Amino acid sequence: MAKKREPFELGGTQVVAGTQTTVRLPVARLYTDTPVDLQVEVFHGNKPGPVLLVLAAIHGDELNGIEICRRLQGRINPKALYGTVLMVPVVNVFGFIQKSRYLPDRRDLNRCFPGSEKGALTSRLAHLVTRELVSRATHILDLHTGAIHRDNLPQIRCNTDDEVLMGMARAFGAPLIMHNEAKGSSLRGYAARAGVPCILYEAGEALRFSEAAIRTGLKGAVNLLRHLGLQKGRLSRGASDVASIRSYWIRSEADGLVLQKVKLGQRVNKGNILAYLASPHSQDTLPIRAPSDGIVIGITNIPVTNEGEGLYHIAQYAGDEIEIVNEQLDEFLMEYA
């Protein structure tokens, strides 16, 4: 008779193999003395395997990842799981309550890892996540969206020179893979230094649900479970292996109204007009042109701007690789139209 797998311990709770348990890790208390907990959904499989940590809402106003986690819970059967999944649908509980990117101390959680037990509130939360979750993980999926009034095409960000990360990115199957090295005090930056492979899924806009972003993220998360061997099953049809070589923001050259001429996911060529800038008090317009060939992967959704604000995020590709990406993007945009 096979030996039963040992329970998974988190926060003093023993999670029996083949079961799902909600573990609440105390974070702090509100002014009202109401406790604030980090709620972790633990799926502990009957068979040994990797420990995948799935995090959403490190920025409290980024909602798509929360819904991805909610749907993903219904796709995991701990009795048939090889390994363990740790899922935190809302990391930044304070920001989520206030519909804010930040915590009450006005700090960005994704600039505070690994954190400090005796630091500011944001640093203490980062320390809790690092100590209790990142330290137990073999792989990490970090779910994000664009900022307020900025929409991002579904994309995986990782260091594409790393074979393990690139394997995870390809398996996920988002329409775009962006080369982005993990640096500084972000979760990915710390995970890279700690030797824990971490990819970041970015899609949609803050404070908004995007069904295309959610469905792509859910399919990608299931693909990742299968790629890592946590679940059995075939991977869904995914993206090409092509990754961008660089990306950059096109910023407004003046303040005024933004008259958009391109859409998210559109291919542009050098010299194409992306938008016109106009004054509310004049018929004169100033064209904003693409400085290179590329794909529009991020776009502002607010039609007013100050000088220097980002209007378009453009991804560049080597040689003819843009043709491969453009063809696949056309299929994606048709599927999720």
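Just add 32 to the spot in the sequence shown (first one is 1) and you have the numbering used here.
Glycine residues also receive a C-beta, built at the ideal position from the N, C-alpha and C atoms.
These numbers come from a predicted model, not from an experiment.
| query | How would you write the range of the beta strand (DSSP E) that R283 sits in, first residue to last? | reply | In the sequence shown, the residue the question calls residue 283 occupies position 251. Element bounds for R283: 278–283.
| request: State the beta-bridge partners of K79 as determined by DSSP. | output: On the sequence shown, position 47 is the one that residue 79 refers to. DSSP lists Y114 as partners of K79.
| task | On a CA-only basis, which of G342, I329, Q263 is nearest A286? Give me that one, please. | result | Indexing the sequence shown from 1 puts residue 286 at position 254. Of the listed residues, the one whose Cα sits closest to A286 is G342.
| said: One question on the structure: do L306 and Y280 come within less than 8 Å of each other, judged by their Cβ atoms? | reply: Against the sequence shown, residue 306 aligns to sequence position 274. Against the sequence shown, residue 280 aligns to sequence position 248. Result no, Cβ atoms of L306 and Y280 do not sit closer than 8 Å.
| query | Taking the Cβ atom as the reference point for each residue, do N142 and S218 lie within a distance shorter than 8 Å? | reply | Start at 1 with the first residue of the sequence shown, and residue 142 comes out as number 110. Start at 1 with the first residue of the sequence shown, and residue 218 comes out as number 186. For N142 and S218, yes; Cβs fall inside 8 Å.
| query | Hey, quick one: how far does the alpha helix (DSSP H) through D362 stretch, first residue to last? | reply | Here residue 362 refers to the residue found at position 330 of the sequence shown. It spans 353–367 - the alpha helix (DSSP H) in which D362 sits, taken as one unbroken run.
| field | L153 (DSSP reduced to helix, strand or coil) | value | Position 121 of the sequence shown, counted from the start, is the residue given in the question as residue 153. Three-state DSSP puts L153 in a helix.
| Is DSSP giving L219 helix, strand or coil here? | Residue numbering aside, residue 219 sits at position 187 when the sequence shown is read from its first letter. Of the three classes helix, strand and coil, the one that applies to L219 here is helix, per DSSP.
| Roughly how many whole angstroms lie between the Cα atoms of Y114 and Q263? | Reading the sequence shown from its first residue, position 82 is the one you call residue 114. Reading the sequence shown from its first residue, position 231 is the one you call residue 263. Each residue's Cα considered, the two are about 6 Å apart.
| Segment limits, beta strand (DSSP E) that includes I305 | Position 273 of the sequence shown, counted from the first residue, corresponds to residue 305. Unbroken beta strand (DSSP E) run through I305: 305–310.
| task | Quick one: give me the first and last residue of the alpha helix (DSSP H) that C144 is part of. | result | If you number the sequence shown from 1, residue 144 lands on position 112. Careful: C144 lies outside any alpha helix (DSSP H) and carries neither H nor E.
| CA-to-CA distance, Y233 to I320, given in whole angstroms | Residue numbering aside, residue 320 sits at position 288 when the sequence shown is read from its first letter. Residue numbering aside, residue 233 sits at position 201 when the sequence shown is read from its first letter. One C-alpha to the other measures close to 29 Å.
| Range of the contiguous alpha helix (DSSP H) that encloses E41 | Sequence index remark: in the sequence shown, residue 41 carries index 9 (1-based). Looking at the DSSP string, E41 is not in any alpha helix (DSSP H); the run it does join, the beta strand (DSSP E), is 40–42.
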